[in-house]
Each structure stands twice: as structure tokens, then as C-alpha cells.
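Just so you know, the sequences run in chain order A and B.
Using the working numbering, you'd call the opening residue of the first sequence number 47 and step up by one each time.
Using the working numbering, you'd call the opening residue of the second sequence number 47 and step up by one each time.
From the three backbone atoms N, C-alpha and C, an ideal C-beta is built for every residue, glycine too.
Written out below as C-alpha cells is the structure these notes cover.
Protein chains: 2
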Amino acid sequence: MASMDAKRAEKISKALSDPTRLKILNEIKKKAECLYCVDLYDNINLAQPSICHHLKQLTETSIILSEKEGRNIKYTLNNEVIDEYIHFLQGLKK
Amino acid sequence: MASMDAKRAEKISKALSDPTRLKILNEIKKKAECLYCVDLYDNINLAQPSICHHLKQLTETSIILSEKEGRNIKYTLNNEVIDEYIHFLQGLKK
DNA sequence: TTTATTTATTGAAATATTTCGATGTTTCTA
DNA sequence: TAGAAACATCGAAATATTTCAATAAATAAA
Chain A
47 MASMDAKRAE KISKALSDPT RLKILNEIKK KAECLYCVDL YDNINLAQPS ICHHLKQLTE
107 TSIILSEKEG RNIKYTLNNE VIDEYIHFLQ GLKK
Chain B
47 MASMDAKRAE KISKALSDPT RLKILNEIKK KAECLYCVDL YDNINLAQPS ICHHLKQLTE
107 TSIILSEKEG RNIKYTLNNE VIDEYIHFLQ GLKK
């Protein structure tokens, strides 16, 4: 597993430190296959640019992966990054 | 293990999303037994009230535990909270 | 090719966080 | 008891984040 330094762990933590972004991750989990951006508008009570902003935080940190499909964008969780982050957290312990 | 809801995970994430606070956690790890507040002044290039502010973030979220010892305060990592947080992160996966 | 749909960008306002100097509180020590 | 040491609190300045309306860009569909 690739190791994560403190600077990166800080960025991941920041990306996870927002209720909307945690909700997005939960919606991605709920979807059988993957999540389209449009799906979020029903479940999240924010304007479209705000949701876009949060998705950007999550993709820029690679916590989620995005794939273009015509007009839509498909999102999936990046398990690898979660595992690396967990590994960093384990390393905080003695 | 006690379960952690999204609101709590958000708070933990926020507490971990700062370079100074991650450094404090690393200093706690490095110390053989535990860390005293004073030990941080040498290693962290911030004014005392700033360090105090960051320690507060970490104690208020129970990421670290504090114990008064005369004039000093002793800090230790709260492994339980870290484990609960890791458990929450595992739950983000499918 | 025009129109509708989906996502991204920009700029500004509102809010939150970080930092420090000044000062307060508690406890130890001379 | 007076002074020093360790930590906390307050208030203000600097910085960062969140949010939205307006608008742009890309693609599909009519």
C-alpha cells in the first residue's frame, strides 16, 4: 500500500470534515453501481454550484473517482485512498 | 465498539485537518509515556495561545485525553476514538 | 441546428478558523 | 506570602471555507 504523509492526511481529513461531503459519500455507497451528479440534487438541499464545489473537493483529493459518461459524470469511492488514510491513522497509535 | 455517526466523524475529521494538530499527535506518539504541553513549545513554532487552541480542539473531540498533574497537563492519545473513526471510514466502503 | 440537460466556473457575500498580544487563573517554590 | 511557571481565555486581525446567482461549456435530443 502506498504510504500517506501528514500533509496528505491533512487534506483527506479536511475533505471529510463537512456534512455535505459525508452525505455525498453515503449516497455513493447507497447506489448499487455508482452515482451520477444529478442524483444528488434530490437528496442534498444545496444549489448546484455548491454541490459541484463539494464534489471537486472529493475528486481533487482522490477520495472519489469520476468518469465522464456523455453529459453525466459517474462517481465511485476510491477504496485505496480510504485504506491509505486508515493506515495513517493506525500509525498515530503507539 | 461504540459507533460513530456522521456528525461525530465530521468533527473528528475537522480536528485532524490541521498540520499543527497532526504534529501534536505525532509528538504524543514520540514521547515514551505521555506529553506535557510545555514539550510542544520547543517543537511547534506557534505562540502559546495558538497551541492551547489546537490542544483544545483535540481534547474537545476526545481524540486526546488530558490529565492534570500539578501545574502541568499530561496528554495521551485516545486509541478508542481513533478506532471508532476508522470503523466509520470502513463503513463508507461498499 | 436549435434547444434542453448536465456539469463547471466566476465573483461576491456570509461564515468559520487560525493566529497572536494581552491578560487571567492555578499551582509550585523560594 | 511574593514571584515564577504552566496553561486558559479574550478580542481582534488575517485567512480560509461555504454558499449562491449568474453565466459558461459540453453534450444529447428534437
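Check	Outcome
What residue ranges within the region 53-107 of chain A form continuous alpha helix (DSSP H) runs of no fewer than 4 residues, ordered along the chain?	65-76, 83-89, 94-106
Closer than 8 Å by C-beta to Gln94/A: which residues in its own chain qualify, once you throw out the five before and the five after it? Chain order, please.	Tyr87
Among Ala52/A, Thr107/A, Lys140/A, which has the Cα closest to the Cα of Thr122/B?	Lys140/A
Let me know the secondary structure DSSP gives Ile119/A once reduced to three states.	strand
Got a sec: is the Cβ-Cβ distance from Lys120/A to anything in chain B below 8 Å?	no
Verify the CB distance criterion: does Ser96/A have a CB-CB separation below 8 Å to chain B?	no
Is it buried or exposed, Val84/A, if we count other Cβ atoms within 10 angstroms and call 16 or more buried?	exposed
Would you mind reading off the limits of the alpha helix (DSSP H) that contains Leu135/A?	125-136
If we ignore side chains and look at the alpha-carbon of each, how far apart do Leu101/B and Leu71/B end up?	10 Å
For Ser112/A, return the contacting residues in chain B, with the cut-off set at a CB-CB distance below 7 Å.	None at all; the shortest Cβ gap to chain B is about 17 Å.
Roughly how far, in whole angstroms, is the beta-carbon of Ile74/B from the beta-carbon of Ile110/B, given that I think they are within contact range, below 8 Å?	7 Å
Can you give me the C-alpha to C-alpha distance between Glu56/B and Thr105/A, rounded to a whole angstrom?	18 Å
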